[in-house]
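Data first, discussion second: the structure below is written as structure tokens.
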Amino acid sequence: MSQSAVSKRYAAALFDIALESKLVGEIEEELTVVKQLFSEHKKLIAVLSHPKVPSEKKKQILKDSFGSASTAVLNTLYLLIDRSRISIVPDLADEYVKMANRHRQTEDAVVYSVKPLSEEEMTSFSQVFAKKAGAASLRVKNEVDPDLIGGVKIRIGNRIYDGSVSGKLARIERQLAGENRKKG
1 MSQSAVSKRY AAALFDIALE SKLVGEIEEE LTVVKQLFSE HKKLIAVLSH
51 PKVPSEKKKQ ILKDSFGSAS TAVLNTLYLL IDRSRISIVP DLADEYVKMA
101 NRHRQTEDAV VYSVKPLSEE EMTSFSQVFA KKAGAASLRV KNEVDPDLIG
151 GVKIRIGNRI YDGSVSGKLA RIERQLAGEN RKKG
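Following full-length UniProt numbering, the numbering of the sequence shown begins with 1 at its first residue and continues without gaps.
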């Protein structure tokens with residue numbers, strides 16, 4: 001079974017537990033922290049994945065690192081240790097977030113802009129683009145990208161809405177290149 005399919009199965013099981021416990025948001029936050037820690041500390045995954053490190057030692061490391069996490073998250077991590085699948089945690093976290101978003105009819109969006117956006121601007125983007133994304137609401141995150149020159153670029157899932165100056169210039173350049181090929 002592919003790592004993606006395995007991640008989806010574990011995420012679905014954890015999501016079912018979260019729904020029953022009414023802890024969907026809390027578990028999502030905990031998984032985001034776990035994923036971030038795993039991506040920032042590559043040696044942690046290396047130790048937790050190493051076959052010569054005893055499972056009990058690995059579980060103690062997890063308990064020391066994530067002791068304040070919910071029982072559901074800790075038990076999932078312990079199960080992944082037992083089944084030698086701890087490396088799927090980042091994918092599992094991503095899958096869980098997708099499931100939680102579908103449940104809430106929410107999508108995550110990243111708005112790239114030349115300067116930081118105000119809360120009002122973020123709310124406005126959320127309202128306008130939620131309809132385009134077919135979601136009840138958007139959770140908007142702003143990332144500053146000075147290469148845009150001006151305007152904004154919005155990524156919602158795998159869709160990109162490019163209203164940036166650099167994007168418009170690139171489209172004009174492609175259009176002119178296409179016209180030149182037709183003439184030549």
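A virtual CB, placed ideally from N, CA and C, is assigned to each residue, including glycine.
8 angstroms Cβ shell around residue i - same chain, five flanking residues per side excluded
i: ILE88; result: GLN3, VAL6, SER7, TYR10, LEU80
i: MET122; result: VAL111, VAL140, ASN142
Residue from the options with nearest C-alpha to residue i
i: LEU107; options: SER84, ALA177, PHE129; result: In the sequence on display, residue 107 carries Glu and not Leu. Closest option to GLU107, Cα to Cα, is PHE129.
i: ALA69; options: ARG85, HIS103, GLY25, GLN127; result: GLY25
i: LEU44; options: LYS63, ARG104, ASP94, GLY167; result: LYS63
i: ALA72; options: LEU117, SER21, LEU92, MET99; result: SER21
i: ALA18; options: TYR161, THR123, VAL111, LEU74; result: LEU74
i: ARG83; options: GLU56, ALA109, SER65, ALA93; result: GLU56
i: TYR112; options: TYR78, GLN60, ILE160; result: ILE160
i: LYS141; options: PRO116, PHE15, LYS131, ASP162; result: PRO116
i: ARG104; options: ALA170, GLU30, ALA136, PRO51; result: ALA136
i: LEU138; options: ASN158, ASP162, VAL110, SER118; result: VAL110
i: ASP91; options: VAL114, GLU119, VAL34, ASP162; result: VAL34
i: HIS41; options: SER65, LYS52, GLN60, GLU121; result: SER65
i: PHE15; options: ARG102, MET122, SER118; result: ARG102
Residue range of the beta strand (DSSP E) that includes residue i
i: ALA109; result: 106-113
Boundaries (first-last residue) of the alpha helix (DSSP H) holding residue i
i: ASP145; result: No alpha helix (DSSP H) contains ASP145, which DSSP labels as neither H nor E.
i: ILE81; result: 71-82
i: VAL152; result: Element bounds for VAL152: not the alpha helix (DSSP H) but the beta strand (DSSP E), 152-156.
i: ILE17; result: 3-21
i: residue 185; result: The shown model of the chain, from 1 to 184, leaves out residue 185, and the question about it has no answer.
i: GLY25; result: 24-40
i: VAL53; result: Where VAL53 is concerned, there is no enclosing alpha helix (DSSP H), given that its DSSP letter is neither H nor E.
i: ALA130; result: 119-133
Own chain residues within Cβ distance below 6 angstroms of residue i, not counting five before or after
i: LEU48; result: LYS58, ILE86
i: ALA133; result: GLU107, ILE156
i: LEU77; result: LEU62
i: LEU31; result: ALA93, TYR96
Cβ shell of residue i (< 7 angstroms), same chain only, five flanking positions each side left out
i: GLU28; result: TYR96, VAL97, ALA100
i: ASP162; result: LYS153
Worksheet item: Counting pairs of beta carbons, one from the region 146-155 and one from the region 171-184, are three or more of them closer than 8 angstroms?
Response: As far as the Cβ criterion goes, the region 146-155 does not touch the region 171-184, which means the pair count is below three.
Fill in: Given 8 angstroms, three or more beta-carbon pairs between the region 141-148 and the region 160-169
For the pair of segments examined, the region 141-148 was found to touch the region 160-169: the number of CB pairs separated by less than 8 angstroms reaches three.
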